[in-house]
Amino acid sequence: MFQNSALAGLKDPLMLLSRILMMLLFVVFGWQKLTGYSATIEYFAQQGVPLPFLAAPIAIIMELGVGLAIVLGLLTRPLALVLAGYTLITALIGHPFWHLSGAEQFEAEINFYKNISIIGGLFLLCVTGAGRFSVDRLFSLDKA
523 MFQNSALAGL KDPLMLLSRI LMMLLFVVFG WQKLTGYSAT IEYFAQQGVP LPFLAAPIAI
583 IMELGVGLAI VLGLLTRPLA LVLAGYTLIT ALIGHPFWHL SGAEQFEAEI NFYKNISIIG
643 GLFLLCVTGA GRFSVDRLFS LDKA
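Per the working numbering, the sequence shown runs over residues 523 to 666.
The structure is reproduced here in structure tokens:
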């Protein structure tokens with residue numbers, strides 16, 4: 523049905539734009555974590571993140587590295603699943619609204635469900651693939 527609609531010509535440009543917009547959050551905050559590395563470790567420790575000295579480089583790799591790979595459309599399907607798992611873990615560790623109250627609970631709950639919504643987008647990306655404007659398509663890495 524989509525192939526016959528007036529939107530058919532927009533499918534691949536919109537898939538590229540969707541990848542860019544979805545990964546913007548990860549890339550921006552991954553870059554911040556990298557450029558403020560010691561502050562990131564300190565913040566993780568204050569938030570009770572397990573092994574902050576190990577969590578910081580993992581966060582940078584996932585957010586900046588995987589985020590940029592998905593923007594480029596490189597190994598999009600498997601990396602979307604990996605990033606969905608990471609996003610779920612960060613939602614559970616970083617936004618435990620069920621332990622909070624008042625304004626703190628409200629803010630954490632918003633961020634928790636923001637992460638859950640992003641996971642939905644990542645699952646969709648896993649199913650659809652990166653589209654025509656991608657490294658996956660350029661080098662025939664996505665056979666689906």
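Glycine residues also receive a C-beta, built at the ideal position from the N, C-alpha and C atoms.
Distance check between L647 and each of G589, A625 and A630 places G589 closest, using alpha-carbon atoms only.
Within its own chain, the residues whose Cβ lies closer than 7 Å to the Cβ of F566, once the five positions on either side in sequence are excluded, are P574, A577 and A578, listed in chain order. E631 and V550 have their C-alpha atoms roughly 22 Å apart. Proximity of the region 592-608 to the region 654-666 meets the contact definition, three or more beta-carbon pairs being nearer than 8 Å.
Here F548 is near E585, since their CB atoms are less than 8 Å apart. With 16 or more other Cβ atoms inside 10 Å of its own Cβ, A652 counts as buried.
In the DSSP assignment, V649 falls within the unbroken alpha helix (DSSP H) covering G624 to T650.
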